[in-house]
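Below is one structure; the comments refer to it alone.
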Amino acid sequence: MAVATISHLTVRYGAKTAIEDLSVEVPEGCVGLLGPNGAGKTTLIKTLLGFLRPAAGTGAVLGLDVATQGLRIRQRVGLMPEVDCHIPGMNAVTFVGYAGELAGMPGSQALRRAHEVLEYCGLGEARYRNVETYSTGMKQRIKLAQALVHGPRLLFLDEPTNGLDPAGRDEMLNLVRDLSHGKGVNVIVSSHLLPDIERTCDWVLVMRGGKLVREGDIAGLRVVEGVQVDVELRLPSEPFEAAMRRRGARVFRQMGSRYRLTLAEGGTDPGRQLLEAAKEAGAQVRGFRPALRSLEDIFMEAVEE
Amino acid sequence: MDFDLGPPAARPASPIADLSYRGYDGPLSTRLFRWWIVALAGIRLNLKKPWFWVLAGLCLFPYLFQGITLLSNADRTLQALMGGNAPEARYTQAFFNAFSGQQFLLFITALLVGASSIAADNRANALLVYLSRPITKNDYLAGKWVGVFLPVFVVAFFPALLLYLFCLVSYTSEGFWRDDPWLLGRIVLACAIAGAIHASLLLGCSSWSKTPRMAGAIYAALYLVSGIVAGIAGSITTVFSGSSEEAAREILVTHLSIGGVITGLAQNVYHLTLQSMRFNRRAMQPVHLELAPPAFWVMLGLGLAMVVVGLAATRMRIRAVEVVRG
Amino acid sequence: MILLERASRWYGQVIGINDVTCALPAGITALLGPNGAGKSTLLKLITGQLRPTTGRVTVFGEAPFANPRVFRRLGYCPEIENSYEDMTGRGFVTMLAAMGGVSAADLHPRVAAAIETAGMTINADRKIGGYSKGMRQRIKLAQAIVHNPDVLILDEPLNGLDPVGRREISSLLQEMAEKGKCVVVSSHILYEVEQMTTNILLLHHGRLLAQGDIYQIRSLIDAHPHRVAIQTKDARALAQRLLALPYVLSARFDQPDATQVEIETRQPDLFYSQFPDLVLEHGFRIEGFDSPDNNLEAVFRYLVGE
Chain A
5 MAVATISHLT VRYGAKTAIE DLSVEVPEGC VGLLGPNGAG KTTLIKTLLG FLRPAAGTGA
65 VLGLDVATQG LRIRQRVGLM PEVDCHIPGM NAVTFVGYAG ELAGMPGSQA LRRAHEVLEY
125 CGLGEARYRN VETYSTGMKQ RIKLAQALVH GPRLLFLDEP TNGLDPAGRD EMLNLVRDLS
185 HGKGVNVIVS SHLLPDIERT CDWVLVMRGG KLVREGDIAG LRVVEGVQVD VELRLPSEPF
245 EAAMRRRGAR VFRQMGSRYR LTLAEGGTDP GRQLLEAAKE AGAQVRGFRP ALRSLEDIFM
305 EAVEE
Chain B
74 MDFDLGPPAA RPASPIADLS YRGYDGPLST RLFRWWIVAL AGIRLNLKKP WFWVLAGLCL
134 FPYLFQGITL LSNADRTLQA LMGGNAPEAR YTQAFFNAFS GQQFLLFITA LLVGASSIAA
194 DNRANALLVY LSRPITKNDY LAGKWVGVFL PVFVVAFFPA LLLYLFCLVS YTSEGFWRDD
254 PWLLGRIVLA CAIAGAIHAS LLLGCSSWSK TPRMAGAIYA ALYLVSGIVA GIAGSITTVF
314 SGSSEEAARE ILVTHLSIGG VITGLAQNVY HLTLQSMRFN RRAMQPVHLE LAPPAFWVML
374 GLGLAMVVVG LAATRMRIRA VEVVRG
Chain C
25 MILLERASRW YGQVIGINDV TCALPAGITA LLGPNGAGKS TLLKLITGQL RPTTGRVTVF
85 GEAPFANPRV FRRLGYCPEI ENSYEDMTGR GFVTMLAAMG GVSAADLHPR VAAAIETAGM
145 TINADRKIGG YSKGMRQRIK LAQAIVHNPD VLILDEPLNG LDPVGRREIS SLLQEMAEKG
205 KCVVVSSHIL YEVEQMTTNI LLLHHGRLLA QGDIYQIRSL IDAHPHRVAI QTKDARALAQ
265 RLLALPYVLS ARFDQPDATQ VEIETRQPDL FYSQFPDLVL EHGFRIEGFD SPDNNLEAVF
325 RYLVGE
């Protein structure tokens, strides 16, 4: 079942067309939303939340129409915005409980739930302090907690690792991965940090200029035709390149001592070939793997078309 | 129960509990009272401020003072000294005097309660949190308004209620109830008018600022400057020649300010004619004046306009964060 | 170009940086550390906003505090997002260029060039108040490079930029480094930093934890032996052979269907020399192998230990 179905959606901001004739079916699981600045990602999220009226076309989130059932959608959807936001004058527990109450939970349930969710997001004793005293990492966790408190079926995360140090980023991505793969919450992540998306998402949507330019399952998009292998040597080695060429491979040097080899199809085991070539050339192989397009490559290709 | 989210999948029993995240499958309350949750949060926030309680205490004093005046019959003595008509609505007069006396303190209380109501939200980007919930802009607006209105109303009304009960106990025999059976209603209405006007205008100022201080400063400026301007205009045009139309116009002019509209409407609600002494320079002797309440419809019009403008201004500013163009 | 000698700075009782001695040469140096490690304090000391409480900080041989001679040759791109909202981008860059010592005659072309390099030519004449996050970042960069500084200090320079923009700015910084400038980049986004440079300066709790080339540092971290993950269908048979080698410490199977074996060794060089021979000799079919922790993120994690 698709989490969101969009059909010929057009959204305008005054004279500017932010989204043009967009049609897509967003699958369940963890979906990445990519695109250059101004591509319409934020507009799409706002439209799906029911804030913006489409000029044309239809959209449905969890089976509910975007144009008329915005309130019901927001009941089942959580948003973790990019910018800092909180309710002034409250500590974390009160804030998250308040957010729950605003979503319709009775007071006692909201408080209990707030504690549960704050625990899950990793906020310990700090939850009794005023939110305004928090560090960036804690603020990000609070934003996630307020998005989760009412048990949404779909989560929108806008730059979830914004401002976090490497440890914090790790934890946040683990949380997102756990939510989408372990707890059955559908997640849509919008981010400029492609490794974050690679780590958490299974499907991507790439937007540019208000249109969808690429969509698909990441593993599928990464597949590269032919037999291609990425090799890393200890030091760049000309003899190695020559040895590989003798075996009928095309050699393309990437950064430093990394190479991309395109081998003839139907030949012998590529690993064997390159280890033999390296031995001949006296080069030390530090690693090799079947070549995959990185998400960055996929993105660049999609955007530069 | 609203918006059923459905039950979670059944989990197999295990001796180790799974304490991590789970969906919410509990009851949900109705959507009709979401605004009350917003209001309650605002009220709780204000109750925590120590200055609020200080001001609330200070607002007791005008009524306390009137109570003492009544007890000591000081108002009758004053009346006799000034000459003029016998005091008919003695008690109503006391309540109105206390109400006017309380106005400035009430204004400060309203400032404290209302200035930060939406301005703090603007600064903290709270609107993004609010609007991503299943509540409407009207819920938010209503909740914020009530969150300012209620504290101001209670601070205005509670001392009046105390005085009313005191009078009821002490002066019923002397015609307290007979004189004006609707007095309690009038008190409620007068306090509500004050609360409504302050709440609407403050909300308007608050929603247009990013800091509570700015909002408070703007409202204070509006209140005080309008009061000063109306006062000056009043004393320039006032001649007190005696003709009743001119008198009515002069009274109206002095009431053309925020505070003036509040007290003007209150005077209309209390249905009082004020007695006052002026010194007429030409005749070189004190003149006794009777000040009728200012023109009702004008006052009502202005009051309603203030409420509507305040609310409209606020509503314009309530929207989720703008997408930057380009 | 930048030299710190036993520099310390504290705020009341809170320590900013503690007895840090380092020299930052030409090229890109990445300044890393968890939140609260002292990175912003260090940057403020270098850009002359603070004076060290003890020790010395010198840029081009002079103390940078309130020193216009240093400021002329230093470009700073801070992390803050607020700016002069009512100025246009061009006006902002022009003002800062003039403050940076660009002569009046050169002002216009230099400003235009800087704005062009930062990719803001189209939007330069709009008010900053209407800029998006990415645009603000670019205009900050423009003002940092407009007076052609020899030292460039950047705090989270790629914040808010989309992947295309990130690439552009990364290559710009690399170009500047190749021209011989000293570029200091403070960032939390390790994988990007990794692609720009291998030279790092790691701070932790205010102290200098590590400085130098990450691969060198990695090879010195004894506590965490090198891991090599090998993907092959005969994982267990291969593991048996590998365990026979004296410098292989352990073999782990994380995948349930034994398609990958992860070995640990304290002598990676020796391993890499002998591993291919072993594979070729016994005819194992290997789909791939690599070292999952020979990257900046692993080095960071091991050193900071959180």
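Residue numbers (the working numbering), protein chains in the order written: chain A, 5 to 309; chain B, 74 to 399; chain C, 25 to 330. We put the beta carbon where it would ideally sit given N, CA and C, even for glycine. Being a predicted model, the structure only gives us computed values, none of them experimental.
Beta strand (DSSP E) segment containing residue i, residue limits
{"i": "Thr62 (chain A)", "result": "60 to 65"}
{"i": "Pro294 (chain A)", "result": "289 to 294"}
{"i": "His250 (chain C)", "result": "250 to 256"}
{"i": "Ala54 (chain C)", "result": "51 to 56"}
{"i": "Asp130 (chain C)", "result": "Run containing Asp130 (chain C): none in the beta strand (DSSP E); it sits in the alpha helix (DSSP H), 128 to 141."}
{"i": "Ser145 (chain B)", "result": "Run containing Ser145 (chain B): none; DSSP gives neither H nor E here."}
{"i": "Leu48 (chain C)", "result": "38 to 48"}
Per DSSP, the bridge partner or partners of residue i
{"i": "Trp207 (chain A)", "result": "A:Val35, A:Asp221"}
{"i": "Met84 (chain A)", "result": "A:Leu161"}
{"i": "Tyr263 (chain A)", "result": "A:Val235, A:Arg257"}
{"i": "Tyr17 (chain A)", "result": "A:Lys20"}
{"i": "Arg80 (chain C)", "result": "C:Glu29"}
{"i": "Asp281 (chain C)", "result": "Paired residues: none, contrary to the question."}
{"i": "Phe313 (chain C)", "result": "A:Phe292, C:Ile254"}
{"i": "Glu218 (chain C)", "result": "DSSP, once it has assigned bridges, lists no residue as partnering Glu218 (chain C)."}
{"i": "Glu286 (chain C)", "result": "C:Ala253, C:Arg276"}
{"i": "Tyr296 (chain C)", "result": "According to DSSP, Tyr296 (chain C) bridges with nothing at all."}
{"i": "Tyr100 (chain C)", "result": "C:Ile177"}
{"i": "Val208 (chain C)", "result": "C:Thr53, C:Ile177"}
{"i": "Asp237 (chain C)", "result": "C:Asn223"}
Cβ neighbours of residue i in the same chain (closer than 8 angstroms, five flanking residues each side left out)
{"i": "Asn147 (chain C)", "result": "Gly113, Tyr155, Met159"}
Same chain, Cβ closer than 6 angstroms to residue i, five either side skipped, listed in chain order
{"i": "Pro88 (chain C)", "result": "Gly72, Val94"}
{"i": "Leu120 (chain C)", "result": "Gln167"}
{"i": "Gly79 (chain B)", "result": "Interpretation of Gly79 (chain B) is limited by its pLDDT of 45, a score under 50 that renders its predicted location unreliable; the figure taken from the coordinates is listed afterwards. None."}
Proximity test, Cβ basis, 8 angstroms: residue i and chain A
{"i": "Pro366 (chain B)", "result": "no"}
{"i": "Pro100 (chain B)", "result": "yes"}
{"i": "Ile310 (chain C)", "result": "yes"}
{"i": "Pro214 (chain C)", "result": "According to the sequence displayed, residue 214 (chain C) carries Leu and not Pro. Interface residue, yes."}
{"i": "Ala437 (chain B)", "result": "Outside the shown range of chain B (74 to 399) lies residue 437 (chain B), about which nothing can therefore be said."}
{"i": "Phe76 (chain B)", "result": "Because the pLDDT of Phe76 (chain B) is 39, which lies under 50, any placement of that residue in the model is unreliable, and the number read from its coordinates should be weighed accordingly. Closer than 8 angstroms to some Cβ of chain A, the Cβ of Phe76 (chain B) qualifies, so yes."}
{"i": "Asp246 (chain C)", "result": "no"}
Residues near residue i by beta carbon distance below 7 angstroms, same chain, minus five either side
{"i": "Glu269 (chain A)", "result": "Gly230, Val231"}
{"i": "Tyr292 (chain B)", "result": "Leu184, Ala188, Leu274, Leu275, Cys278"}
{"i": "Lys45 (chain A)", "result": "Leu37, Gly39, Ser194, Met211"}
{"i": "Ala11 (chain C)", "result": "Here chain C comprises residues numbered 25 to 330, so residue 11 (chain C) is not present and cannot be evaluated."}
{"i": "Met142 (chain A)", "result": "Leu127, Ala130"}
Proximity test, Cβ basis, 8 angstroms: residue i and chain B
{"i": "Arg78 (chain A)", "result": "yes"}
{"i": "Pro240 (chain A)", "result": "no"}
{"i": "Gln113 (chain A)", "result": "yes"}
{"i": "Glu105 (chain A)", "result": "yes"}
{"i": "Met109 (chain A)", "result": "yes"}
{"i": "Tyr124 (chain A)", "result": "yes"}
{"i": "Ala8 (chain A)", "result": "no"}
Residue i: first and last residue of the uninterrupted alpha helix (DSSP H) it sits in
{"i": "Trp124 (chain B)", "result": "123 to 131"}
{"i": "Ile91 (chain A)", "result": "No alpha helix (DSSP H) holds Ile91 (chain A); DSSP gives it neither H nor E."}
{"i": "Ile193 (chain C)", "result": "187 to 202"}
Amino acids of chain F, ordered along the chain, whose beta-carbon sits closer than 9 angstroms to that of residue i
{"i": "Glu280 (chain A)", "result": "Included in the structure are the protein chains A, B and C, with no chain F among them."}
Any C-beta of chain C under 8 angstroms from that of residue i
{"i": "Val307 (chain A)", "result": "yes"}
Exercise for the section: Could you run through the stretch 82 to 94 of chain A and flag, in chain order, every residue whose CB is less than 7 angstroms away from some CB of chain B? Expected result: The stretch 82 to 94 of chain A vs chain B, Cβ under 7 angstroms: Leu83, Pro85, Val87, Asp88, Cys89, His90, Ile91, Pro92, Gly93.
Exercise for the section: Could you run through the stretch 198 to 228 of chain B and flag, in chain order, every residue whose CB is less than 9 angstroms away from some CB of chain A? Expected result: Residues passing the 9 angstroms Cβ filter: Asn198, Ala199, Leu200, Leu201, Val202, Tyr203, Leu204, Ser205, Arg206, Pro207, Ile208, Thr209, Asp212.
Exercise for the section: Determine which residues of the stretch 170 to 191 of chain C have a Cβ less than 9 angstroms from any Cβ of chain A, and write them out in chain order. Expected result: Hits within the stretch, in order: Glu180, Leu182, Asn183, Gly184, Leu185, Asp186, Pro187, Val188, Gly189, Arg190, Arg191.
Handout entry: Near-chain C residues of the stretch 286 to 299 of chain A - C-beta to any C-beta below 8 angstroms
Key = So the list reads Gln288, Val289, Arg290, Gly291, Phe292, Arg293, Pro294, given in the order they occur along the chain.
Problem - Short-range partners of chain A found in the stretch 109 to 121 of chain B, where Cβ spacing is below 7 angstroms - result: Answer in chain order: Ile110, Ala114, Leu118.
Handout entry: Near-chain B residues of the stretch 143 to 156 of chain A (beta-carbon distance less than 9 angstroms), N- to C-terminal order
Key = Cβ contacts with chain B: Lys147, Gln150, Ala151, Leu152, Val153, His154, Gly155, Pro156.
Practice task
Closer than 7 angstroms, Cβ to Cβ, to anything on chain A: give me those residues from the stretch 53 to 73 of chain C, in chain order.
Solution key: Of all residues in the stretch 53 to 73 of chain C, Pro58, Asn59 have a Cβ within less than 7 angstroms of some Cβ in chain A.
Problem - Chain-ordered residues of the stretch 194 to 206 of chain A with a beta carbon less than 7 angstroms from chain C - result: Taking 7 angstroms as the Cβ-Cβ cut-off against chain C, the residues of the stretch 194 to 206 of chain A that qualify are His196, Leu197, Leu198, Pro199.
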